[in-house]
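Numbering (this note's numbering), first residue to last: 4 to 163.
Think of the CB as a built atom: it goes at the ideal place given N, C-alpha and C, for glycine as much as any other residue.
Each remark here refers to the structure printed beneath this line.
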């Protein structure tokens with residue numbers, strides 16, 4: 004079940020973070036995200052245990068997904084998919100036009116997930132990550148374009 008993250012979740016968030024990334028976020032980074040009014044911080048909990056989370060910032064008509072992770076023992080069960088779907092639906096409901104994210108160029112599982120939702124690579128940040136040094140793909144989901152396409156191909160667009 005998806006629910007907002009709270010300060011009480013941060014111990015488990017840090018466990019998942021450290022198991023997921025070679026350069027994990029710090030506790031103050033997560034605390035800052037929870038306190039920032041434009042942050043969207045959601046977690047997937049089952050039987051009271053946090054299995055994954057997604058952190059994003061939304062400002063005006065843009066959202067940036069900053070951090071997504073699922074506990075190693077809970078991967079390949081649709082948790083990341085559910086969190087991403089939830090964030091995209093939130094964005095649509097809140098008139099967000101574009102969603103951006105960065106992903107390691109080697110993270111094919113994440114890239115495939117993002118592409119399944121319509122994210123497209125827009126540019127590469129060379130040597131963005133370290134430990135190991137690696138490029139980052141910046142990916143974009145254009146919800147404005149999606150809305151324009153729906154308007155032009157919807158049932159009311161036909162004349163005659």
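Exercise for the section: Classify residue 61 as buried or exposed, calling it buried when 16 or more other Cβ atoms lie within 10 Å of its own Cβ. Expected result: Buried, by the Cβ-count rule.
Handout entry: residue 64, DSSP secondary structure in three states
Key = It is coil, neither helix nor strand.
Problem - Own chain partners of residue 105 with C-beta closer than 8 Å, once the 5 adjacent residues on each side are dropped - result: Only 128, 131, 139, 140, 141 and 142 meet the Cβ criterion.
Handout entry: Limits of the unbroken beta strand (DSSP E) element including residue 132
Key = It spans 123 to 132 - the beta strand (DSSP E) in which residue 132 sits, taken as one unbroken run.
Practice task
Please determine if the segment 6 to 14 and the segment 36 to 50 are in contact, where contact requires at least 3 C-beta pairs separated by less than 8 Å.
Solution key: Judged by pairs of C-beta atoms under 8 Å, the segment 6 to 14 touches the segment 36 to 50, as three or more such pairs exist.
Problem - Straight-line gap, residue 73 to residue 35 (C-alpha atoms, nearest Å) - result: Taking the CA atoms as reference points, residue 73 sits about 20 Å from residue 35.
Practice task
Keeping to the same chain, check which residues put their C-beta closer than 6 Å to that of residue 70; ignore five residues upstream and five downstream.
Solution key: If we look at residue 70 and ignore the five residues flanking it on each side, its Cβ neighbours are 58.
Problem - Boundaries of the beta strand (DSSP E) in which residue 46 is found, first to last residue - result: Note, residue 46: beta strand (DSSP E), 42 to 49.
Handout entry: Identity of the residues DSSP links to residue 56 by a beta bridge
Key = Residue 56 has 46 and 72 as its beta-bridge partners, per DSSP.
Practice task
Might you give, ordered along the chain, the residues of its own chain that have their beta carbon closer than 6 Å to the beta carbon of residue 23, omitting 5 neighbours on each side?
Solution key: Apart from the 5 residues on each side of it in sequence, residue 23 sits with its Cβ closer than 6 Å to the Cβ of 72 in its chain, given in chain order.
Handout entry: As assigned by DSSP and simplified to three states, the class of residue 7
Key = Assignment of residue 7 by DSSP, reduced to helix, strand and coil, places it in the strand class.
Problem - From 12, 25, 18 and 19, residue whose alpha carbon lies closest to that of residue 107 - result: Nearest option by C-alpha distance: 25.
Exercise for the section: Using a threshold of 8 Å, state whether the C-beta atoms of residue 19 and residue 68 are closer than that. Expected result: Remark: C-beta atoms of residue 19 and residue 68 do not approach each other more closely than 8 Å.
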